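*Asks:*
In the UniProt record's numbering, the protein residues as written are 1 to 420.
(1) I'd like the span of the beta strand (DSSP E) that includes residue 175, first residue to last.
(2) Drop a sphere of 10 angstroms on the beta-carbon of residue 361, count the other beta-carbons inside from all chains shown, and report buried for 16 or more, exposed for fewer.
(3) Would you give the residue range spanned by the alpha helix (DSSP H) that residue 383 belongs to?
(4) Can the beta-carbon of residue 239 be found less than 8 Å from the beta-carbon of residue 159?
(5) Which value, in whole angstroms, describes the spacing of the CA atoms of residue 108 and residue 4?
(6) Counting pairs of Cβ atoms below 8 Å between the stretch 378-388 and the stretch 219-239, do you hit three or more?
(7) I'd like to know if the stretch 355-374 and the stretch 48-63 are in contact, where contact means that at least 3 CB-CB pairs between them fall below 8 Å.
(8) Give me the Cα-Cα distance between residue 127 and residue 418, rounded to the nearest whole angstrom.
(9) List, from N- to C-terminal side, the beta strand (DSSP E) runs of 3 residues or more that fit wholly inside the stretch 31-118.
(10) With DSSP run on the structure shown, which of helix, strand or coil describes residue 244?
(11) Determine, using beta carbons only, whether residue 236 and residue 209 come nearer to each other than 8 Å.
(12) Tell me where the alpha helix (DSSP H) around residue 411 begins and ends.
(13) Can you give, in chain order, each stretch of the alpha helix (DSSP H) that sits fully within the stretch 172-224 and has at least 4 residues?
(14) Between the Cα of residue 99 and those of 80, 317, 68 and 266, spot the shortest distance and give me the residue it belongs to.
(15) Which runs of the alpha helix (DSSP H) spanning at least 4 residues fall entirely within the stretch 309-379, listed in chain order?
(16) Do you know offhand how far residue 113's Cα is from residue 367's?
(17) Let me confirm a value: residue 11 is counted as buried when at least 16 other C-beta atoms fall within 10 Å, else exposed. Which label applies?
(18) Along the chain, where does the alpha helix (DSSP H) containing residue 139 start, and where does it finish?
(19) Three or more C-beta pairs under 8 Å: does that hold for the stretch 156-176 against the stretch 123-139?
(20) In terms of alpha-carbon separation, which member of 88, 6, 50 and 168 lies closest to residue 66?
(21) Short of 6 Å in beta carbon distance, which residues of its chain neighbour residue 400, apart from the five on each side in sequence? Order them along the chain.
(22) Can you check which of these residues, 61, 180 and 164, is closest to residue 89 by C-alpha distance?
(23) So residue 199 and residue 49 are in contact, right, with Cβ under 8 Å, and what is the actual spacing, rounded?
(24) Assign residue 27 to one of two classes, buried (16 or more other C-beta atoms within 10 Å of its C-beta) or exposed (fewer than that).
(25) Ignore the nearest five residues each way along the sequence and tell me which others in residue 144's own chain have a CB closer than 7 Å to its CB.
(26) May I ask you to report which of helix, strand or coil DSSP gives residue 230?
(27) With H, G and I counted as helix, E and B as strand and the rest as coil, what does DSSP make of residue 6?
(28) Taking 8 Å as the cut-off, decide whether the C-beta atoms of residue 375 and residue 46 are in contact.
(29) Is the CB-CB distance between residue 388 and residue 162 below 8 Å?
(30) If you follow the beta strand (DSSP E) that residue 287 is in, where does it begin and where does it stop?
(31) Around the Cβ of residue 396, are there at least 16 other Cβ atoms within 10 angstroms (buried) or fewer (exposed)?
(32) What are the boundary residues of the beta strand (DSSP E) that residue 262 is part of?
(33) Looking at the structure shown, is residue 154 part of a helix, part of a strand, or coil, going by DSSP?
(34) Of the residues 359, 410 and 365, which one's Cα is nearest the Cα of residue 23?
(35) From residue 285 to residue 212, what does the alpha carbon distance come to, in whole angstroms?
(36) Nearest to residue 203 by alpha carbon, out of 140, 242, 228 and 226?
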């Protein structure tokens, strides 16, 4: 889409004083910034930000915002900043909230969003628009968008939601509709590829410290005390890894990417015995998807098609208790803490609030300029527009041959759990 109108920001006193505020059409950000002299150019993404000209006149804009999937700190901040950016930067005041995720399109559950109405929602956890899993019917969703006269769709959600957004974008393109589809990536697990990090992750790691600290106090106060903390991380162990590194009180961190075993030389039980003899207490952090290969296979799924996991925290605490029950001379005191949903239901911290603001503003700048089929994301410290297919083609995981995992092993002194 070609810009038809001068950008209203040119006449905004808050922005007109900023030199070189507008981003050049050809500016790009490389996905890889560490290269060798013989490396090829590699993948670049369009740099985010306001353009000199915009595709939509303010009075033409009829935007909608939808949140899908699980909760995450910062959702309300993103909603607030999209509404405020459209209102105060571009003078666009017609904004609808879709209530209840993708299902809300079909049921036509909408609520008007005004700058005044969303002014303080960033101080609350959750999402004021409600959310749901599943409920994606592309044809009916696009029909609803068309019937409501919406021309800007802002979709906030994780990898499944972004896949849905990509399908909506393709259907809109097939119908020849002048409708922009912009995504804001959301996953508390930090497992979306390409981007530096997902919003809410910093807050989750910070909140996880409270659970780890509690487990450490409990373990330290008892003879042979063991504290076990289960954190989120279905397929990726970033929260567990970063929370462990931040705490420095954790003796063992178990994540999905690093298989472990219980019995025998180099196993978890041997390490627990060693640690209790050395320190008299121990703290274990385990991601919810760790050790799945050790549990009985279940083939149940939620509404989004995600595999329903068994409670590995309860399982491992039971296994530890059974192991030490056989050793009459080594009684233990074990406390299990599961803050899984606590860490995602809180408001975002200061760093995430700033990050959410940048993501939302970048999405609005892109939509107003006429870009579509993109996700707003941070790549190498720069805001970019990333095509949907790049966001959904893979999943970000902890690389256990990388330096960060080596730092964790050095911090906890745990074994690698590679069988001899």
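Beta carbons: idealized from backbone N, C-alpha and C, even for Gly. Predicted model only: the values in this text are computed from it and were never measured.
*Replies:* Working from what's here:
(1) First-last for residue 175: 159-175, but that is the alpha helix (DSSP H), not the beta strand (DSSP E).
(2) buried
(3) Segment 382-387 is the beta strand (DSSP E) holding residue 383; no alpha helix (DSSP H) there.
(4) no
(5) 31 Å
(6) no
(7) yes
(8) 42 Å
(9) 44-47, 63-67, 95-98 and 110-112
(10) helix
(11) no
(12) 403-412
(13) 201-220
(14) 68
(15) 312-325 and 350-368
(16) 18 Å
(17) exposed
(18) 138-147
(19) yes
(20) 168
(21) 257 and 258
(22) 61
(23) Their Cβ separation, rounded to whole angstroms, is 18 Å, which puts residue 199 and residue 49 out of contact at 8 Å.
(24) exposed
(25) 105, 106 and 108
(26) strand
(27) strand
(28) no
(29) yes
(30) 281-287
(31) buried
(32) Premise fails: residue 262 is in no beta strand (DSSP E) and is neither H nor E.
(33) strand
(34) 365
(35) 8 Å
(36) 242
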